[in-house]
Amino acid sequence: MRDELIERLIMHTYKNPSFLLNNKTDDEKIIIEGSKLMKKEKLIAVRADTNTNHFPEHSHDYVEIIYMYKGTKTNIINDETVVLNEGDILFMTQNCRQENLPSTDQDIAVNFVVLPHFFEKALEMLNSEESLLHSFIIQCLRGDNGKSSYLHFKVLDVLPVQNLIENLIWNLLDDSQEQRNINETTMGLILLQLLSHIDDLDYNGDDSSLIFHVLKYIEAHFAGGSLTELSQMLFYDFNALSKQIKKLTGKTYTDLVQEKRISHACFLLESTNLGISEISQLVGYENISYFHRVFRKFHCMSPKKYRDKTVTK
1 MRDELIERLI
11 MHTYKNPSFL
21 LNNKTDDEKI
31 IIEGSKLMKK
41 EKLIAVRADT
51 NTNHFPEHSH
61 DYVEIIYMYK
71 GTKTNIINDE
81 TVVLNEGDIL
91 FMTQNCRQEN
101 LPSTDQDIAV
111 NFVVLPHFFE
121 KALEMLNSEE
131 SLLHSFIIQC
141 LRGDNGKSSY
151 LHFKVLDVLP
161 VQNLIENLIW
171 NLLDDSQEQR
181 NINETTMGLI
191 LLQLLSHIDD
201 LDYNGDDSSL
211 IFHVLKYIEA
221 HFAGGSLTEL
231 SQMLFYDFNA
241 LSKQIKKLTG
251 KTYTDLVQEK
261 RISHACFLLE
271 STNLGISEIS
281 QLVGYENISY
291 FHRVFRKFHC
301 MSPKKYRDKT
311 VTK
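The sequence shown begins at 1 in the numbering used here and counts up one residue at a time.
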């Protein structure tokens, strides 16, 4: 990211963060309101974080995105220590408890203050391929699961993400009404890029953490993974993990794998000219007759009919 952009952002940012501490609840909890950080009727704002002092535990009524421009910053989020290094991106949902530890003047972050409604267009862009993991992350950003959580992406070497973040900052500093659609689309592109680098993601969300790791595994290994391998990776007893997945999702591990396999098969049917037999193999079904049977269970039609129907839309 170019230094002149950060210099302009620092000039644009109100320097004293102490005014944010004024809003306390009866039990002395600090809640930072997005309305204090963005103009009226705006859904997103950007500011430089050059504060080097300790900032006490607080929460937000908005989604906060932190981009680590330079150096390192350490936060305590929901009682976990999270270290942000250069190029990292951190999403924190509403009501996350966050404490900022002291840093130096060489440690500079960029904070995005985002109201959940801003993500609507961005999240629609993720629906080109149905994904259980995508849906889970969408729920986190919207706050649909009623829990506070964070998503930590370590993407310094992912150039498209770095470029898109820079573009978003430029556009927000421009602050013209015409940029709103561009900003929402840019956020969608950022999420699409980030979700293609799931291996670079850390997640925390109380009880949902287990399900995140299960869905992350299925996303990467739906064609050839197994519950046995997953239980070993997570240091879980096989039967205990099976029961916990059922308890937390209402579905078995096999159900979740089949959903992912069929959703990816639909994506391939719609977007490629691959033969149905090849698609069956790619999504993990060596027996094409069984693939047809499972596909019909989900869509009440054959893969060929599904392709014909979607192509003619």
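Using N, Cα and C, we set each Cβ at its ideal position, and we do this for glycine too.
(request) Give the straight-line distance between the Cα atoms of D79 and K154, rounded to the nearest whole angstrom. (result) What you label residue 79 is simply residue 79 of the sequence shown in a count that begins at 1. What you label residue 154 is simply residue 154 of the sequence shown in a count that begins at 1. Between D79 and K154, the C-alpha separation is close to 20 angstroms.
(request) Could you tell me whether the segment 110-117 touches the segment 61-69, where touching means 3 or more Cβ pairs closer than 8 angstroms? (result) yes
(request) Reducing DSSP to helix, strand and coil, say where R2 ends up. (result) For the purposes of this step, residue 2 is taken as the residue at position 2 of the sequence shown. Looking at R2 - three-state DSSP - the assignment turns out to be coil, as it is neither helix nor strand.
(request) Would you give the residue range spanned by the beta strand (DSSP E) that F295 belongs to? (result) Taking the first residue of the sequence shown as 1, we reach residue 295 at position 295. Where F295 is concerned, there is no enclosing beta strand (DSSP E), although the alpha helix (DSSP H) it sits in stretches over I288 to H299.
(request) Quick one: measure Cβ to Cβ for I31 and E57, integer angstroms, because I've assumed they're closer than 8 angstroms. (result) Taking the first residue of the sequence shown as position 1, residue 31 is located at position 31. Taking the first residue of the sequence shown as position 1, residue 57 is located at position 57. The pair is not a contact, with the Cβ atoms about 11 angstroms apart (cut-off 8 angstroms).
(message) Tell me the rounded alpha-carbon separation between K309 and T249.
(response) Locating residue 309 in the sequence shown gives position 309, where the first residue counts as 1. Locating residue 249 in the sequence shown gives position 249, where the first residue counts as 1. Taking the straight line joining both Cα atoms gives about 31 angstroms.
(request) Return the Cβ separation of R261 and F222 in integer angstroms, given the expectation that the two are a contact with Cβ distance under 8 angstroms. (result) Counted from its first residue, the sequence shown places residue 261 at position 261. Counted from its first residue, the sequence shown places residue 222 at position 222. With a Cβ gap of about 5 angstroms, R261 and F222 count as contacting.
(message) For H12 and R47, what's the separation of their Cα atoms in angstroms?
(response) Residue mapping note: residue 12 aligns to position 12 of the sequence shown, counting from 1. Residue mapping note: residue 47 aligns to position 47 of the sequence shown, counting from 1. Spanning the two alpha carbons is a distance of roughly 7 angstroms.
(request) Express the C-alpha separation of D255 and A240 in angstroms, rounding to a whole number. (result) Position 240 of the sequence shown, counted from the first residue, corresponds to residue 240. Position 255 of the sequence shown, counted from the first residue, corresponds to residue 255. So the two alpha carbons sit approximately 17 angstroms from each other.
(message) I'd like to check one pair, I169 with L151: are the Cβ atoms closer than 9 angstroms?
(response) Within the sequence shown, the letter at position 151 stands for residue 151. Within the sequence shown, the letter at position 169 stands for residue 169. No, the Cβ-Cβ distance between L151 and I169 is not below 9 angstroms.
(message) Please classify Q106 as buried or exposed, where buried requires at least 16 other C-beta atoms within 10 Å of its C-beta.
(response) Translated into the one-based positions of the sequence shown, residue 106 becomes position 106. Burial call: exposed.
(request) Could you check the C-alpha separation between L159 and F91 for me, to the nearest Å? (result) Translated into positions along the sequence shown, residue 159 becomes position 159. Translated into positions along the sequence shown, residue 91 becomes position 91. Cα to Cα, the separation comes out at about 19 angstroms.
(request) Measure the CB-CB distance between N100 and N51 and report whether it falls below 9 angstroms. (result) Locating residue 100 in the sequence shown gives position 100, counting from the first residue. Locating residue 51 in the sequence shown gives position 51, counting from the first residue. In contact: N100 and N51 (Cβ atoms closer than 9 angstroms).
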